[in-house]
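Engineer: Remember, the working numbering sits 1107 above the position in the sequence shown when you count from 1. Ideal Cβ positions, reconstructed from N, Cα and C, are used throughout, including at glycine. These numbers come from a predicted model, not from an experiment. Quick one: structure below, then a few questions.
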Amino acid sequence: MLETTIAGSLPKPVWLAKPGVLWAPWALEGEALAVAKLDATMLSVNEQERCGIDIVSDGEQARQHFVHGFLVGVEGVDFARKKRIGIRNNRYEADCPTVVSKLRRPGPVHSAEARAARAATKHKLKFTLPGPMTIVDTLANEHYRDKVDMAMAFARLLNQEARELEAIGVDVIQFDEPAFNVYMDEAVQWGIDALHLATEGLRCATAVHICYGYGIEANIKWKETLGQSWRQYEQVFPALDRSRIQQVSLECAASKVPLELIGLLKTKQVLVGAIDVASDAIETPEQVASTIRAAMKHVDAARIMPCTNCGMAPMTRETAYAKLRALAEGAALVRKEL
Ligand code: ZN
1108 MLETTIAGSL PKPVWLAKPG VLWAPWALEG EALAVAKLDA TMLSVNEQER CGIDIVSDGE
1168 QARQHFVHGF LVGVEGVDFA RKKRIGIRNN RYEADCPTVV SKLRRPGPVH SAEARAARAA
1228 TKHKLKFTLP GPMTIVDTLA NEHYRDKVDM AMAFARLLNQ EARELEAIGV DVIQFDEPAF
1288 NVYMDEAVQW GIDALHLATE GLRCATAVHI CYGYGIEANI KWKETLGQSW RQYEQVFPAL
1348 DRSRIQQVSL ECAASKVPLE LIGLLKTKQV LVGAIDVASD AIETPEQVAS TIRAAMKHVD
1408 AARIMPCTNC GMAPMTRETA YAKLRALAEG AALVRKEL
């Protein structure tokens, strides 16, 4: 009960990439980089275990960014042809690669680090992939008819990748869909269909992560425009509750999400974000416990998995792992009361 897990990413060691920077360039190249990515993956799995996390992740150590890490393995995406576009409904501008031809996945993208993570732990293992809607929101399109068409093409490739990850022994595959919190109507109209395509035929657990983003400046400014009550989840959760996706990862700690909205998830495992990733202040176990207890007013403890609000890639390792220890200790406090 109350198995702990993390949203996905963790900071990388200094010998792999510059800390504290999103999209940090790799510190190595060639064979040395390939080996270092796997070493960092094993290290991050072991550190999560030491912190007391039950369902560990690969920490996204082998990818530069949670979306583009998958895209580098896809043919049809031209990284040399970057276009400056407004993403997340123009919340910020980014130089995004362009889709120039039919998308194809010539081979596995993440198998090496999934195998390394699997070999490093007997704990349950979670692996994250970007969701189709978030992928198409982070790319320029010069080939497909429209973004739905392109999202479905990505969903088919994600499904191939997910089936291989499952065969390697991954227990949970999570799709990251922060775009669901931005395009709520489209999430209901086709975003969930795209997730169904991406998860077709999987026997492992499936999850979707919907958040308010990393603690970066563009997100902090955006949150200031959302008012005192963040109700984005209200529009997507009822449709998500009817979907085949089994787990929903969401933001609760230090957030203006009215907690009763998680009650809309009546059949899902709910990954309750009890660690704020937008602040370096380390939560106390008691603070974590009180977030979990507040969630238990709306969702049975049997369906709650204490988690982080979002990925921790931009933090220092010391801060991230201190927060994970607090997460495990806070969950243990509540478990004793059950
Ligand atoms: Zn997130």
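Opposite Leu1236 in the DSSP bridges: which residues?
Structural biologist: According to DSSP, Leu1236 bridges with Phe1282.
Engineer: Is Ala1114 a contact residue of the ligand ZN, with contact defined as CB to any heavy atom under 7 angstroms?
Structural biologist: Yes, the Cβ of Ala1114 comes within 7 angstroms of a heavy atom of the ligand ZN.
Engineer: With a floor of 3 residues, list each beta strand (DSSP E) that falls wholly inside the stretch 1170-1223, ordered by position along the chain.
Structural biologist: You should have 1182-1194 and 1199-1211.
Engineer: Please list, in chain order, all residues of the same chain as Phe1186 whose beta carbon is under 6 angstroms from its beta carbon, the five residues on each side excluded.
Structural biologist: Same-chain partners within the cutoff: Pro1204.
Engineer: Going by beta carbon distance, what residues of the same chain come within less than 8 angstroms of Asn1326, once the five residues before and after it are set aside?
Structural biologist: These residues qualify, in order along the chain: Arg1198, Tyr1319, Gly1320 and Ala1385.
Engineer: Spatial neighbours of Tyr1428 within its chain, please: C-beta separation below 7 angstroms, excluding the five flanking residues on both sides.
Structural biologist: Excluding positions up to five away in sequence, the list reads Glu1154 and Cys1158.
Engineer: Hey, how far is the Cα of Ala1446 from the Cα of Leu1431?
Structural biologist: Because residue 1446 is not part of the residues shown, which for the chain are 1108 to 1445, the question remains open.
Engineer: I'd like the span of the alpha helix (DSSP H) that includes Gly1137, first residue to last.
Structural biologist: Residues Gly1137 to Cys1158.
Engineer: So for Gly1437, helix, strand or coil by DSSP?
Structural biologist: Helix, per DSSP.
Engineer: Identify the continuous beta strand (DSSP E) that holds Pro1413 and give its terminal residues.
Structural biologist: Pro1413 -> beta strand (DSSP E) spans Ile1411 to Cys1414.
Engineer: Measuring alpha carbon to alpha carbon, tell me which residue in Ala1223, Val1216, Glu1200 and Lys1125 is nearest Leu1145.
Structural biologist: Of the listed residues, the one whose Cα sits closest to Leu1145 is Ala1223.
Engineer: DSSP on Gln1267, reduced to helix/strand/coil?
Structural biologist: Note: Gln1267 maps to helix in three-state DSSP.
Engineer: Contact between the stretch 1256-1265 and the stretch 1230-1240 is defined here as three or more beta-carbon pairs at a separation below 8 angstroms; is this criterion met?
Structural biologist: Touching, yes, given that three or more Cβ pairs across the two stretches are closer than 8 angstroms.
Engineer: Between which two residues does the beta strand (DSSP E) holding Val1377 run?
Structural biologist: Val1377 -> beta strand (DSSP E) spans Gln1376 to Gly1380.
Engineer: Inspect the beta-carbon positions of Leu1371 and Pro1345 and report whether they are closer than 8 angstroms.
Structural biologist: In contact: Leu1371 and Pro1345 (Cβ atoms closer than 8 angstroms).
Engineer: Could you give the DSSP three-state label for Gln1342: helix, strand or coil?
Structural biologist: Gln1342: helix per DSSP, three-state reduction.
Engineer: Does the count of Cβ pairs from the stretch 1159-1172 and the stretch 1215-1230 closer than 8 angstroms reach three?
Structural biologist: Touching, per the Cβ criterion.
Engineer: Cys1414 and Thr1148: beta carbons closer than 8 angstroms?
Structural biologist: Contact: no.
Engineer: Our contact map puts Asp1383 next to Ala1360 with C-beta atoms below 8 angstroms; I'd like the distance itself, whole angstroms only.
Structural biologist: Their Cβ separation, rounded to whole angstroms, is 4 angstroms, which keeps Asp1383 and Ala1360 in contact under 8 angstroms.
Engineer: Hey, how far is the Cα of Asn1288 from the Cα of Leu1445?
Structural biologist: Rounded to the nearest angstrom, the two C-alpha atoms are 33 angstroms apart.
Engineer: Give the straight-line distance between the Cα atoms of Gln1168 and Glu1293, rounded to the nearest whole angstrom.
Structural biologist: Using only the alpha carbons, I get a separation of about 31 angstroms.
Engineer: Pair every Cβ in the stretch 1301-1321 with every Cβ in the stretch 1175-1182, then say whether three or more of these pairs are closer than 8 angstroms.
Structural biologist: These segments do not touch.
Engineer: Using CA atoms only, rank isn't needed, just tell me which of Arg1191, Arg1212 and Leu1357 is closest to Trp1337.
Structural biologist: Considering only alpha carbons, the answer is Leu1357.
Engineer: Please say whether Ile1399 and Ala1433 have beta carbons closer to each other than 8 angstroms?
Structural biologist: No; because the gap between Cβ atoms is not below 8 angstroms, this pair is not in contact.
Engineer: What are the residues that DSSP puts in a beta bridge with Leu1357?
Structural biologist: The partner list for Leu1357 (beta bridge, DSSP) reads Val1379.
Engineer: Distance check for Arg1351 and Ala1312, CA to CA, integer angstroms please.
Structural biologist: Taking the straight line from one Cα to the other gives about 10 angstroms.
Engineer: Could you name the residues that DSSP lists as bridge partners for Asn1248?
Structural biologist: Asn1248 pairs with Val1206.
Engineer: So Val1206 packs on Val1184, CB below 8 angstroms; how close in whole Å?
Structural biologist: Going by Cβ atoms, the distance from Val1206 to Val1184 rounds to 6 angstroms, so yes, they are a contact pair.
Engineer: In the structure shown, what three-state DSSP assignment does Ser1447 receive?
Structural biologist: Outside the shown range of the chain, which is 1108 to 1445, sits residue 1447, and nothing can be said about it.
Engineer: Between Val1250 and the ligand ZN, is the CB less than 7 angstroms from at least one heavy atom?
Structural biologist: The identity of residue 1250 in the sequence shown is His, whereas the question assumes Val. Outside the cutoff, so no.
Engineer: Express the C-alpha separation of Gly1322 and Ala1131 in angstroms, rounding to a whole number.
Structural biologist: Looking at the two C-alpha atoms, the distance is approximately 16 angstroms.
Engineer: Since Arg1211 and Gly1276 are thought to touch, with beta carbons under 8 angstroms apart, how far apart are those beta carbons, to the nearest angstrom?
Structural biologist: No, Arg1211 and Gly1276 are not in contact; Cβ-Cβ is about 26 angstroms, not under 8 angstroms.
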